[in-house]
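Accompanying notes for the structure given below.
Residue numbers (UniProt numbering): 1 to 232.
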């Protein structure tokens, strides 16, 4: 039976194991990227946990954005898979994105298709990105072009659950550009959407000091999923 309520005590008890689990997931993600690199088509990983919250990571590999090739947001792919596992929520992670695109109307790859095919109980997509430490905050929540009640709920829950961290909202990143997953969710999928930028200091599976940030983020995302279900 799938459990959608997180036990904070149990999660805290597992925190020393977060680093080792993250490293294992990161190793598997590297293999998935290498396998995808050998093929001719783009690839994505989809883990369906029948949750109200769905995590996405479009930038775990080199990727196109607004028609230009960009470097990967390091370790956002494995961080998203880890957070999905700990929070017991679904995840969609790009493993290869080499085809150029400018708008979502043009994009037809496994990552985009998985998002377009989301059905209930999915209610919100939370898109995980990476930002440089020089921006300041530990996490930045981008509410997108059309935030509604569920986005406001998620922001409230995340700020509460991450009260020991510096959490910014809509600055320096607001997730409003047309190419964001948050824009896709809010404008085209009929879903709520939120973007979370994670500072580099919390994104290394090989740095034990990053584990508390990853565990706290997973715990917070589990609380968001519970809140979305309660609001249904």
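C-beta atoms are modelled at their ideal positions from N, C-alpha and C, and glycine is treated no differently.
If one requires a minimum length of 4 residues, the alpha helix (DSSP H) runs lying completely within the stretch 122 to 170 are 149 to 161, in chain order. In the three-state DSSP reduction, residue 115 falls in the helix class (H, G or I).
Per DSSP, residue 198 is one residue of the beta strand (DSSP E) stretching across 192 to 199.
Contact between residue 142 and residue 170 holds: CB atoms are separated by about 6 angstroms, below the 8 angstroms threshold. Less than 7 angstroms divides the Cβ of residue 129 from the Cβ of residue 197. Cβ-Cβ distances below 6 angstroms link residue 172 to 135 in the same chain, with the five nearest sequence neighbours on each side left out; the list follows chain order. For residue 20 and residue 219, the gap between their C-alpha atoms comes out near 17 angstroms. When the five nearest sequence neighbours on each side are left out, the beta carbons in the same chain lying within less than 6 angstroms of the beta carbon of residue 146 are those of 186, in order along the chain. Per DSSP, residue 224 is one residue of the alpha helix (DSSP H) stretching across 211 to 230. In the structure shown, residue 181 falls within a helical segment according to DSSP collapsed to helix, strand and coil. Of the candidates 183, 54, 37, 26, 54 places its Cα closest to the Cα of residue 88. Looking at the DSSP output, residue 46 bridges to 92.
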